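> In our numbering, the protein residues as written are 77 to 255.
1) Assign residue 139 to buried or exposed, taking buried as 16 or more other Cβ atoms, counted over all protein chains shown, within 10 Å of its Cβ.
2) In its own chain, which residues sit with a C-beta less than 7 Å from the C-beta of residue 177, not counting the 5 before and 5 after it?
3) Tell me which same chain residues have a C-beta within less than 7 Å of the C-beta of residue 120, skipping the five on either side of it?
4) Keeping to the same chain, check which residues put their C-beta closer than 6 Å to that of residue 221; ignore five residues upstream and five downstream.
5) Measure how close the beta-carbons of residue 110 and residue 241 come, nearest whole angstrom, since I'm counting them as under 8 Å.
6) Buried or exposed: which applies to residue 118, given that a residue is buried once 16 or more other Cβ atoms fall within 10 Å of its Cβ?
7) Does residue 258 come out as helix, strand or coil in the three-state DSSP assignment?
8) Look up residue 201 in the DSSP assignment and say whether it is helix, strand or coil.
9) Please return the same chain residues whose Cβ sits closer than 7 Å to the Cβ of residue 166, not counting the five positions on each side in sequence.
10) On the criterion of 16 or more Cβ atoms from any shown chain inside 10 Å, does residue 219 qualify as buried, or is it exposed?
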């Protein structure tokens, strides 16, 4: 399972860089972007809160320009983890960036840039299987375990006509630090 996710992620990173940059597929999430399913039978379809199971797990998504309908899937750095939790569990700072009970984070680990594509059910945390970092979605993506050096970048959300919409770009650096 992890091998498939890494292969898919690497393919997204290296395919057609110039065309993706020209057509907006590599553009980072922006205010007003809708979030769409990243993979599976519903890939490219807009995600609504009812699509997200209460209490997790997360759904992997990509931002989509609401005007051009271009899905920004030209870079793994655009992959987003959406999760729906009880908003009473959120810190005040998290609640301010959520759309109801839905929060969104970069799905790229801050340790080595691996996909944060798994869910740790017992602790309700986002999990990176590469080196076992876990992140708390109720507390702005805070690191709770593992070698990740910093929290996940959050994608502020708002609800618009029943859709989950980006209220701004990512709140911090996406992925690992480069030297």
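Even for Gly, the Cβ is constructed at its ideal location relative to N, Cα and C. Quick caveat: nothing in here was measured; it's all calculated off a predicted structure.
With the structure as the only source:
1) A residue is called buried when at least 16 other Cβ atoms come within 10 angstroms of its Cβ; residue 139 meets this threshold and is buried.
2) For residue 177, where only same-chain residues beyond five positions count, the Cβ hits under 7 Å are 160, 161, 162 and 163.
3) Apart from sequence neighbours up to five positions away, the residues of its chain that approach residue 120 with a beta-carbon distance below 7 Å are 112, 113 and 147, ordered along the chain.
4) Once the five neighbours on either side are set aside, the close Cβ partners of residue 221 are 210.
5) At roughly 6 Å, the Cβ-Cβ gap stays under 8 Å, so residue 110 and residue 241 are in contact.
6) Residue 118 is exposed by the Cβ-count criterion.
7) This structure leaves residue 258 out entirely; the chain is present only between 77 and 255.
8) DSSP places residue 201 in strand when its eight states are reduced to three.
9) The answer, listed in chain order, is 174 and 214.
10) Counting Cβ neighbours within 10 Å, residue 219 comes out buried, since at least 16 surround it.
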